[in-house]
Amino acid sequence: AMHTALVRGEFELHYQPQVDLRTGRIDCTEALIRWHHPSYGMMSPMHFVPLAEDTGLIVPIGEWVLRTACRQLGAWHRQGHTHLSVAVNLSPRQFQQQDIPALVGEVLAETGLPAAALHLELTESILLRQSDAVMNALRQLKTLGVMLAIDDFGTGYSSLGYLKRFPVDIIKIDQSFVLDLIANPDVTFIIRAIISMARSLHMKTIAEGVETLEQ
Numbered sequence: 202a203m204h205t206a207l208v209r210g211e212f213e214l215h216y217q218p219q220v221d222l223r224t225g226r227i228d229c230t231e232a233l234i235r236w237h238h239p240s241y242g243m244m245s246p247m248h249f250v251p252l253a254e255d256t257g258l259i260v261p262i263g264e265w266v267l268r269t270a271c272r273q274l275g276a277w278h279r280q281g282h283t284h285l286s287v288a289v290n291l292s293p294r295q296f297q298q299q300d301i302p303a304l305v306g307e308v309l310a311e312t313g314l315p316a317a318a319l320h321l322e323l324t325e326s327i328l329l330r331q332s333d334a335v336m337n338a339l340r341q342l343k344t345l346g347v348m349l350a351i352d353d354f355g356t357g358y359s360s361l362g363y364l365k366r367f368p369v370d371i372i373k374i375d376q377s378f379v380l381d382l383i384a385n386p387d388v389t390f391i392i393r394a395i396i397s398m399a400r401s402l403h404m405k406t407i408a409e410g411v412e413t414l415e416q
């Protein structure tokens, strides 16, 4: 079914706002894919993205997400919301099977977006490879002027070495820390340390999953 979902237009993007706490203004939205399956209804990516990764279908799906999100951002810019950016997730498979910098350059040229308005979110599995090919691709992306973010920072194999080796602009604090923030005071110290470190390295910090005033 996933083979034909793109052709049938069954995928759609939802946009999660990122709010600047200093101004209260939405300055970026993260593009999140959903599958409007004809039999199962609206499906979360957790139910189909792992399969897409395993089969390689994440490559055409990921390209569709990038192009669709950038076209949507272009529409918002034309409506006067020129301060907005859009964040798009990249998968390891895309780095393996596609020339990501060439694709991104093509999409930016087609949509006329400023490169800095596109944020590309990288998973730890991409950074763990630390191959010359990945490093060269990230350098080319930075030359284009796009913003690079480490997703779900603080979990799994997160390493401070990433911040030294890779040209990262944004650290996204994993939502598991945010969920524990009120109940577990020790988490506060971890989050403070991440924010302080990011500021020292001139990086932006985003907290995932904030839902309450206390958080």
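Per the working numbering, the sequence shown starts with residue 202, numbered consecutively. From the three backbone atoms N, C-alpha and C, an ideal C-beta is built for every residue, glycine too.
- Distance check between H215 and each of R209, A270, I383 and L339 places A270 closest, using alpha-carbon atoms only.
- For I234, the beta-bridge partners assigned by DSSP are L214.
- Counting along the chain, the unbroken beta strand (DSSP E) around E322 starts and ends at L319 to L323.
- With the rule of 3 Cβ pairs closer than 8 Å, the stretch 276-296 counts as touching the stretch 310-330.
- The Cβ atoms of L323 and M348 lie no closer than 8 Å to each other.
- For I351, the enclosing beta strand (DSSP E) covers residues M348 to F354.
- Between the alpha carbons of I372 and T344 lies a gap of roughly 19 Å.
- V308 sits buried, since 16 or more C-beta atoms from the chains shown fall within 10 Å of its C-beta.
- Distance from the CA atom of L321 to the CA atom of W236, rounded to whole angstroms, is 21 Å.
- For S286, the beta-bridge partners assigned by DSSP are C229.
- In this structure, the beta-carbon distance from T389 to L380 does not fall below 8 Å.
- Taking the C-beta atoms as reference points, V287 is found nearer than 8 Å to T230.
- In the DSSP assignment, I374 forms a beta bridge with F354 and A408.
- D300 and P261 have their C-alpha atoms spaced approximately 13 Å apart.
- Counted as a single uninterrupted DSSP element, the stretch harbouring M247 is not any alpha helix (DSSP H), since DSSP gives it neither H nor E.
- Taking S245 as the centre and dropping the five residues before and after it, the same chain places the C-beta of R235 closer than 8 Å to its C-beta, in chain order.
- Linking R272 to I395 through their CA atoms gives a straight-line distance of about 33 Å.
- Residue environment for R294: buried (at least 16 other C-beta atoms within 10 angstroms of its C-beta).
- Short of 8 Å from the beta carbon of R400, and not among the five residues preceding or following it, lie these beta carbons of its own chain, in chain order: T406.
- From the listed residues S240, E415 and V411, the smallest Cα separation to Q219 is found for V411.
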